[in-house]
Every structure is written in structure tokens, then in C-alpha cells.
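Below is one structure, written out as C-alpha cells; the observations come after it.
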Amino acid sequence: MFAFALGLATRARNGALLDVYYPLPVFKPEADVAKALAAAPGGNAAGVRELTDRDLETLARAFSDVGATELSGVARACIGAHGPCLLTVLEADAAIEHIAEAYLKLHLLSWRHCLPNSLNLDGIFAVLPNVAWTSSGPMAPAELPEQALRARVRGELLKVHAVDKFPPMLDYVIPRGVRIGDGSRIRLGAYLGEGTTVMHEGFVNFNAGSHGPGMIEGRISQGVLVGAHSDLGGSSSTQGTLSGGGTERISIGENCLIGANAGTGIALGDRCIIEAGLYITASTPVSVLDDRGQEAGTFKARELSGRSDLLFLRNGRNGRVECRTNRKAVELNEELHAHN
Amino acid sequence: MFAFALGLATRARNGALLDVYYPLPVFKPEADVAKALAAAPGGNAAGVRELTDRDLETLARAFSDVGATELSGVARACIGAHGPCLLTVLEADAAIEHIAEAYLKLHLLSWRHCLPNSLNLDGIFAVLPNVAWTSSGPMAPAELPEQALRARVRGELLKVHAVDKFPPMLDYVIPRGVRIGDGSRIRLGAYLGEGTTVMHEGFVNFNAGSHGPGMIEGRISQGVLVGAHSDLGGSSSTQGTLSGGGTERISIGENCLIGANAGTGIALGDRCIIEAGLYITASTPVSVLDDRGQEAGTFKARELSGRSDLLFLRNGRNGRVECRTNRKAVELNEELHAHN
Amino acid sequence: MFAFALGLATRARNGALLDVYYPLPVFKPEADVAKALAAAPGGNAAGVRELTDRDLETLARAFSDVGATELSGVARACIGAHGPCLLTVLEADAAIEHIAEAYLKLHLLSWRHCLPNSLNLDGIFAVLPNVAWTSSGPMAPAELPEQALRARVRGELLKVHAVDKFPPMLDYVIPRGVRIGDGSRIRLGAYLGEGTTVMHEGFVNFNAGSHGPGMIEGRISQGVLVGAHSDLGGSSSTQGTLSGGGTERISIGENCLIGANAGTGIALGDRCIIEAGLYITASTPVSVLDDRGQEAGTFKARELSGRSDLLFLRNGRNGRVECRTNRKAVELNEELHAHN
């Protein structure tokens, strides 16, 4: 079994599911825990099913019998829930066909069970409905006008935080050992490793994140993963598109620094720096300088993608984009041209 | 009649109006609907008046009689409202003299009844009070200390989302067919056309917006309108001031792309690109290159304002700001100098 | 006595303090007010103590007796509070050893009693716990999973706005005469002088701020203070680190303009401009031009730190970073080299 979880869902008035909250998703469950699921209707086969309070009672006992105390507690806590309670079982990491599967995979990412780019997320956009995330919980956007008017008539405010396919992570998962200045900028499905601080200007998309520890004040686009001890300066940008001809994802290595208001369209290895305010796109021509400041040649930035120990800056005297390295010119030249 | 609407207002404790929520604003009503208004006190003359429950009852019937079912429903739903219920009638698009008029025009924009820059908004700043937008609804800032203390004593939090003249659009209007990552960054009065996605880093001021469809991850300043199929990259900037000597508003045409962390102080025609990280101000000297890369001359960016099919970038080899076109040098030169 | 205040605190379930809200902090109290404190247990000695309702009653009378009506009102209002009520007294501006002291100093800054960089904040990071700021008030992050699940079972949303050591200022202090587009981007401890507008893209850290009036659409980092009539353009950046060899804090003088997406790693004097999109770091080489456009030499930006009447831009023709002044080349050269 790939993963399973008990979840509390919200339904629109037309019956459509809007979201699923999984208090304790289980990744690659041990055999006896997976077996305990057989007590539920539908057994432990793949799929999504709605559970009755009696089912939850049965599952709580089954989990308890195999020593899965936390799971048992969650099952028991869900008894009598206001909305539908679901059991979602993924046999394998297949394409997503049901909203409950999409939410389970997003939870697996934010729970740090799976790294960004390690899950099959095909179909996620088609499956996720657009939802109004309000102070009264998730709602179908079409229901809002009536609900907002009713709240106003009662002298209350129906606050609409967002209208989006993805909710804020913090309303579903709170990873241990992180600080997040503004929760509205972290989508569910973000991966924030221990020791990650995302300041107010930071943003992390789903299927993206930081190994941690690190200080994130810039934007981590979908598919981008930032290595340990790397900092993203205020409003710095990582391109979410594929670089280098579409075969390479952008990633940032360890001990990197992307300066404030800077950005990158190429992957960075370890110990790289992009100076504040400089944006490197895949096609930026870069003058590569060796350890003595000698120019080894000019390259498209994409040719430098993924390399370590590079310092990128724009020369203030002549506007040239330069990359300084800690290698000698001759070696460097040979090495760089070997990839052409 | 230019427009009218029934609204629910909030009053400060000193009686001053703080906001008006119009569930269903009507732009250029049909004759019989305008006539039905005559049933209300003050008839269908221009102005703002407070309605009693009996007035609402009467109006609901009058709307129903002319087949305006939705309006009738709104009038009926407002009966017994917690705060004052207003009828606001605009005879023409005159300067704004009353907060209820200001809110009606902001609603007309966000309801897509009127495009940015098409309404007379003179006086709006003077008329709109500064309001604390809290989890308990709008409040006068001067009342906050006492209310916050009382909430705390009860063990509750009075969350203050903003202190501003403009509230978040999503608490008043939810346009169809949009996605909005962070509702706190869209002011009431924003115009978001169908198919517009505003990501978390996007911002849209009042009297500004996007025709849609489009992906907005940058800032649309007051007065700026973005054409269909144009994307604003993360944290890209559009200047809200007037360009080209103060006679021309900044606008972005169709199928444009402003890269991440880029910006523009000039208007763009259709199919223009500004590369990531490059900021074009009105006075930036730009080397214009033709379809063979030949330089046709250097121009102030404002001379290129509003033209189509331009690609702006900063040359990584020499720091020069370049504009590539799909024209020949000779024609291009003549054409550009014709405007000098 | 340096400062004192009555505060309402929140405790985690394990008894640890999470925050303290001081409705009316008193900076350098007058002698008779300080004396009135003697009526409380522990008298007016330095420290933090919890007050009973009877203590509050006594204090309310003592304040009233010396004519401190507002303070008396606050004491009375706190009677019967849901959480613990604290009296915090600071004898001097010593290093911070208690969360209640940290919160008192953050309040003093946001109440404009003390300017940024004028208070001893040593120890503040160690003393402040990481807190989940939720729609139900402050919570220990470890308690969230259970609380979130319970809320969901009831059909409610426990909204988690942030997980951070610092809460949003607006939930604690509302300075007079300010506008704030997005309260989630101003930390408690920010100093916002009268007439400051912080737009949605603006950010102000604790121990940082603006004298006001001014328009802040960029980020004011910790320790940075912006002078009167200075504007920070959208997403502009001020470096929170020390510039010029670590001895000088970054500050922005009066009547300055940092353009949109621009940034500075040096201090600016008065009437300085950095053009939109240009980032000046301390080590950027800058060509200094005199009032006739003659080059007086090239300097590291840090050598220009704190000077007035400078205009920084990047030449669009050759990518050179230039600084224009209103002085003659000869004088300018001598003056600048005098500091080398």
C-alpha cells in the first residue's frame, strides 16, 4: 500500500467535495496497520469511501488492536463529525483521479513524507475544484453571494481569504520546527523541512520547498527545491518553468544565497551566490572569470546550470554579467566547453 | 439613470458611515426597473436614502411586478438587517460626494459593469473614511482600542486585517471565473475579467485590472489595465503614474509578458516582452535593434510607449538596454523618428 | 522607572506564556503614577507579576487617586479577564529576560514611545516563543493538531494566520494616523509615524519603521528607519544587515525615493533617489558624476553611504551604475577622497 488516511471533507450544497483534511496521513503503512484497514467497508482496497460513525468505531478498535494508538485516536475523534468522513487508500503512486487523492498527496508533501517532484501529480489541476476559502470554511464560489448577504444581514462578516484550487498549508498541516510569517503565502503541498523560516515576503507553491534549515524571503515556484542552509533574499525569484531545453528542473543546492530582488532561471549547485538585484535567465550571456579574474569565455547561463561555487554579479562599471569561480582559466575553459 | 443599488451599510458608533455592501448593483437599469424604484421613499431621484423594512417590502413587490426577480430577492433578504439599509441612485457619472456613491462605483468596477478609467472617480479619496477592517467587520479606528481590549478580556481575538480606505474586493464582490491566491491584495474596485488568475504575489489596485484571461503575479497599479492573454511575472511592477509627459496612462496590451521582478513605466502594445529583472522607466535610453540585430537608434523608452511586437532586454555583455523588433532598420528608423 | 504596563496574557496548556497584550503601556511614568503602582503586590519594583481581580480593583483606585483616569479604566476593564493579567515593570532599559518584557518593549516601539534602535533588545529572540497565531488567538504550535481536528469535527475552521515569534502589530497596537493595506506584513514592534501609509506590498519588521509621513510599498528591514516624506517604491528593499564594514546601520533620510523593485545596502542621506529596478549594494562600484555630468571618479557605494542629494541610476547605454550630484567635479573629488 502506497498511502492511506482518514479525512474530514467539506461538501458544497450540490454535494460536490470541496476539500479533505487528513489529520494523520500514513505513508507506506506497515503490514499490520494496512491489514487493520480491512475492518472498514471496502476493506483496504484502493479508493475513496465514506465512513459511518459505526465504521469509525470499528476502525478505531482495529487500529488500537495493532498498537496504532494515534490513528485509533483520530478515528475516534472523527465520530460525530459535522461533515463527511472519508477513508482514502492509494495502492500505488498513480495519476490523480479524485479530489481526495489530490488532497492526500498534498498532505504527504507537507507532512514531509515525500519530497517535491517525487510524487505523480498528473491530473491534479483537473481534479481540484476552485474553492472560496472563507472564515466559515471552504465554500463553492457560486454559493458565496447568498452566504455573504446572509452574514451581512446578521451583522457579521463572511471573510473570503482566497478563491483558489489550493488552500493555505497552515490550515491543514503544521510542520514541526518552522516559522512562517504569513500563512496565506504557503500552499498546501509545500514541503518545509525542519528549521525553515519563511518570512512574510516568502512564497512556497505546492510540490516545492526547502530542505531546511534556511531563510526563505523569496518565491519558491512549483517544482523547485532549495537545499539546506540556503537563503532566498526578499522577493527573489526562482523560475517554475523547466530550464536548459526543458529537460532540467530548477533546483537550488546547499549553502546558496540568492540576493534580494534577484532571480534565477537556471539550477544552482552548492555554495552559489547571485547578487542582490540580478536576474539570471537561462539565456543570459555570462562572462566567466577564473580565480584571477581572467575571462575564460562567455556562456549562456544554462550552460552553467547546476554547477557549484559560482558567484554571479553584474559589473557596476560596464553592466556585464559576470560569474566568478574558484578555478583556473584553462581548466575552467576546458571543463565548460566539454559540455557544449 | 446611470446606476442604482440596495446596500447594507456599517455605521461607526458616532453614526458615520464606514462602508456599504451592495449585493446586486444595477448599471444603466432598464426603464421599468428604474421606474419600479419610484415605490421607494425619495422615488428614483438621485441620492442616498435609508430604507425601513416596510420600504424594502414595498420595493421587493415593485421589483417583482416588473420581473426583476433577483432584485426583489435582495430587497426581501435585507429586511430585518442588523445595520442600516440604503438605496443609492446615481443619475449620472458625476464626481463623488458621498461614501455610498464611492462604494457603488467601486462595486460597478469589480462587477465588471465598467472598465477601469471609464468612471468619474473624482473626490473618492476625500469621501472614503479610513476604516479598520476587522474579523468583526468594519470599525472606526478610534473605536479599536476599546473593542480590542474587550475582546481580549473575553478571551477572544479581534483580528485587524487592515486599516485602509479600501476594503478587500473579495469581501464585497466575487467575480465569476477568477482565481485569487491572496484576497488581501485585491482592493474593492479592481476589475478582474473572466479567466484572470491573481497569484499570491499579485496585487490589483482599485480602478485597475485585467481583461482576462491572464496570469497576474505582479502589481497592477491604479489606472492600469492589462489586456487579454498577458502575463505579469512574480513581483513585476507597473507604474501607476502617468507616462510620456503626463498625457498617457500606462496600459498593457494583449499577449504581453512582463518577466518576474521586471517593471514598466511606459505603456506596452500587443505581443511585447520585458525580460525578467529589467525595469523600463519612461526615461530609460533604449537601443532599438531591427530584425537583423542592426541598431536603428537610441530612444527614450517613452518614445516606444504603446507600440506592439517589442522585446526589451538588457544585454548581458555590455549592460545596454535593447529593444528588438520584427522590422527592418530603415523603416523602423523613419517610423520612430516620425514621432519625435 | 523606565516603563510599566498592565497586560493580558495567553498561556499554552502547559502553562507557558505565549504573548502579552498591553492596552496602555506607560513610558517613563510621572512620579505619582509610578508611586500609585505601589498599591499592587510586589509594589513598583522591577519584574513581572500576575494580578488578581482584587489587585486590579486596588490599582484602579490608586490610579484614579492620582488622576490617571485612562490607566484606571484599563485596570478596571481587565477585572474578570479570561486569561492571566500581568503587571510588568522595567526599572531600566536592560537586556530582555522575560517574554513580558519583550512584549512591553515591542509595544513601546509601536506606540511611538521609543524610536527603532533606541531600545536594548538583547535577548529578544531567545525569550520569545514560536507561536501559532490563529483565529482563536495565540496557541502553542504543538497544540494545533488536536485543536484543528476538534474545530473541523464541529464544522469550523481554525484559521492559522502565521507561526512566528512576532505577531502582527495591528492585533496589539493601532497607531493614529496611519493606513495599512495588509496587516499581516507589519510585525509588532514596528514604528509607524503619523502619516505613514504602508501599501499591501510594504513590509515593516520590528525595531524598524518610518518617521512619517511617507508612502511605504517596499520592505523596511530590522533596524532600518525611514525619514519623513520619503517613499519606498513597490517591492523595494532595504538591507537589514550592517553596511560599510559593519559599523553603520542602514537608514534612509528625508525626501528620498527608492524606486519600485530597487534596493539599497547603504544608508541614504536626504533627497536621494535610487531609480526603479536598481539595487545598490555596499560593494557596487559607482561612477560619480558632477553637476555637469563629468566623472569625478569611481567609488564603492559604501563610500557614499549617508550622503545627501544623490541620484543613483544604471546607464541604459552602457550598464554603468552612476551617481549624479549637484556639486562640481573638483570639489566633489576632493570631498569624496577625503574619506578614503
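Same order as they appear, the protein sequences are chains H, D and W. If you count by the working numbering, then the first sequence holds residues 1 to 340, one letter each, in order. If you count by the working numbering, then the second sequence holds residues 1001 to 1340, one letter each, in order. If you count by the working numbering, then the third sequence holds residues 2001 to 2340, one letter each, in order. For each residue, glycine too, the CB sits at the ideal point set by N, CA and C. Model, not experiment: these values are computed from the prediction.
Residues of chain W with a Cβ closer than 8 Å to the Cβ of residue 318/H are, in chain order, 2318, 2319 and 2320. When the Cα atoms are used, residue 2130/W and residue 2162/W turn out to be separated by approximately 10 Å.
Not a single C-beta of chain W is nearer than 8 Å to the C-beta of residue 1064/D. In chain order, 298 place their CB closer than 6 Å to the CB of residue 285/H, counting only its own chain and leaving out the 5 sequence neighbours on each side. The secondary-structure analysis by DSSP pairs residue 2311/W across a beta bridge with 2273/W and 2324/W.
Non-local C-beta neighbours of residue 1102/D in its own chain, meaning closer than 6 Å and more than five positions away in sequence, comprise 1096, 1124, 1127 and 1128, ordered along the chain. Between the stretch 264-274 of chain H and the stretch 305-316 of chain H, the count of Cβ pairs shorter than 8 Å is three or higher; the stretches touch. Here residue 1145/D carries a helix assignment [DSSP, helix/strand/coil]. The C-beta separation of residue 1301/D from residue 1283/D comes to about 7 Å, placing the pair in contact by the 8 Å criterion. For residue 289/H, none of the residues of chain W pass the 9 Å Cβ criterion, the least Cβ distance being about 15 Å. Identification of residues in the stretch 261-283 of chain H having a C-beta nearer than 7 Å to some C-beta of chain W yields 261, 275, 276 and 277, given in sequence order.
When DSSP states are grouped into helix, strand and coil, residue 1063/D belongs to the helix group.
Per DSSP, the continuous beta strand (DSSP E) segment holding residue 2214/W begins and ends at 2214-2216. For residue 1110/D, the three-state secondary structure derived from DSSP is helix.
Counted as a single uninterrupted DSSP element, the stretch harbouring residue 2078/W is not any beta strand (DSSP E) but the alpha helix (DSSP H) occupying residues 2069-2078. By the criterion of at least three beta-carbon pairs nearer than 8 Å, the stretch 1059-1078 of chain D is in contact with the stretch 1016-1024 of chain D.
Unbroken beta strand (DSSP E) runs of no fewer than 3 residues, entirely contained in the stretch 32-56 of chain H, are found at 47-51, following chain order. If only uninterrupted beta strand (DSSP E) runs of at least 3 residues are considered, those enclosed by the stretch 1151-1188 of chain D are 1160-1164.
Relative to the Cα of residue 2236/W, the nearest Cα in the group 2198/W, 2091/W and 2112/W belongs to 2198/W. Sequence-distant Cβ neighbours of residue 1065/D in its own chain, meaning closer than 8 Å and more than five residues away, are 1036. A Cβ-Cβ contact shorter than 8 Å links residue 1213/D with residue 1195/D. Per DSSP, residue 2004/W is one residue of the beta strand (DSSP E) stretching across 2003-2011.
Around the Cβ of residue 201/H, a 10 Å sphere holds 16 or more other Cβ atoms; the residue is buried. Judged by beta-carbon spacing, residue 227/H lies beyond the 8 Å limit of residue 262/H, meaning their Cβ atoms are not closer than that value. For residue 1300/D, the pairing in a beta bridge is given by DSSP as 1285/D. Residue state for residue 2103/W is assigned as helix, using DSSP reduced to three classes. The DSSP-derived three-state label of residue 203/H is strand. Across the stretch 149-164 of chain H, CB contacts with chain D closer than 9 Å involve 149, 150, 152, 153, 154, 155, 156, 157, 158, 159, 160, 161, 162, 163 and 164, in sequence order along the chain. Secondary structure at residue 2330/W: helix, using DSSP grouped into helix, strand and coil. Burial state of residue 1231/D is buried, judged by a 10 Å Cβ sphere holding 16 or more other Cβ atoms. Between residue 220/H and chain W, the shortest Cβ-Cβ separation is not below 8 Å.
Within the stretch 11-39 of chain H, 21, 23 and 24 place their CB atoms closer than 9 Å to a CB of chain W, listed in sequence order.
C-alpha of residue 2207/W to C-alpha of residue 1146/D: approximately 26 Å in a straight line. In the DSSP assignment, residue 127/H falls within the alpha helix (DSSP H) that extends over 124-127. For a Cβ distance threshold of 9 Å, residue set 315, 316 and 317 of chain H lies close to residue 2285/W, ordered along the chain. Proximity of the stretch 29-43 of chain H to the stretch 51-62 of chain H meets the contact definition, three or more beta-carbon pairs being nearer than 8 Å.
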